[in-house]
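Before any comments, here is the structure.
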Amino acid sequence: MVAIRDMLVSSVHDGGMSRDVEHPDPEVPPRATRRRFPAEYKARILAEYERLPDGDKGALLRREGLYSSLISEWRKQAARGAVEGLATKRGRPGPDVKDRRIARLEAENERLRAEVAKKDKVIEVQGKVSALLEELSRSADTGERSKP
21 MVAIRDMLVS
31 SVHDGGMSRD
41 VEHPDPEVPP
51 RATRRRFPAE
61 YKARILAEYE
71 RLPDGDKGAL
81 LRREGLYSSL
91 ISEWRKQAAR
101 GAVEGLATKR
111 GRPGPDVKDR
121 RIARLEAENE
131 RLRAEVAKKD
141 KVIEVQGKVS
151 ALLEELSRSA
161 DTGERSKP
């Protein structure tokens with residue numbers, strides 16, 4: 021009887037909480053991630069949502085952790101083109117493949133032009149050195165010396 025009374029008194033003193041209970045980690049995850057929904061999932065949820073009576077639609081949304089605005093957006097996507105429409109990503113469209121290829125080719129073209137310009141300079145310098153060496157060779161053959 022005394023042991024039960026001691027347990028009750030100790031539980032009152034520690035706030036009624038057992039010391040063996042694990043507490044959740046108070047740290048917040050470093051960054052939230054955006055959920056992504058595959059086209060098949062969207063189609064399945066839309067079909068299930070349409071079959072349900074009005075009172076059960078909210079339960080489906082709560083169970084899946086969705087908002088009604090997503091259902092509206094998915095309906096628009098489905099109207100645009102069934103599964104292809106459901107697979108489209110929301111947000112700003114990426115750059116066109118042709119535009120990326122053109123930009124890459126223009127950058128490569130500019131790099132190659134700069135490389136050719138360097139090689140032209142080297143060839144020009146080599147020509148001048150060759151002409152100078154030829155002139156020095158001729159002057160050495162004739163015995164001409166330049167006066168200092």
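Each residue of the sequence shown is one higher than the last, beginning at 21 in this note's numbering.
Cβ atoms here follow ideal geometry from the backbone N, Cα and C, with glycine treated the same way.
Pick from the options: whose alpha carbon is nearest that of residue i?
i, options, result
"residue 54", "130, 132, 111 and 116", "111"
"residue 61", "114, 138, 98 and 141", "98"
"residue 84", "57, 52 and 75", "57"
Which class does residue i belong to by DSSP, given the choice of helix, strand or coil?
i, result
"residue 75", "helix"
"residue 115", "coil"
"residue 52", "coil"
"residue 87", "coil"
"residue 128", "helix"
"residue 155", "helix"
"residue 93", "helix"
"residue 70", "helix"
"residue 140", "helix"
"residue 60", "helix"
"residue 42", "coil"
"residue 135", "helix"
So, residue i versus residue j, is the Cβ gap smaller than 8 Å?
i, j, result
"residue 70", "residue 80", "no"
"residue 95", "residue 72", "no"
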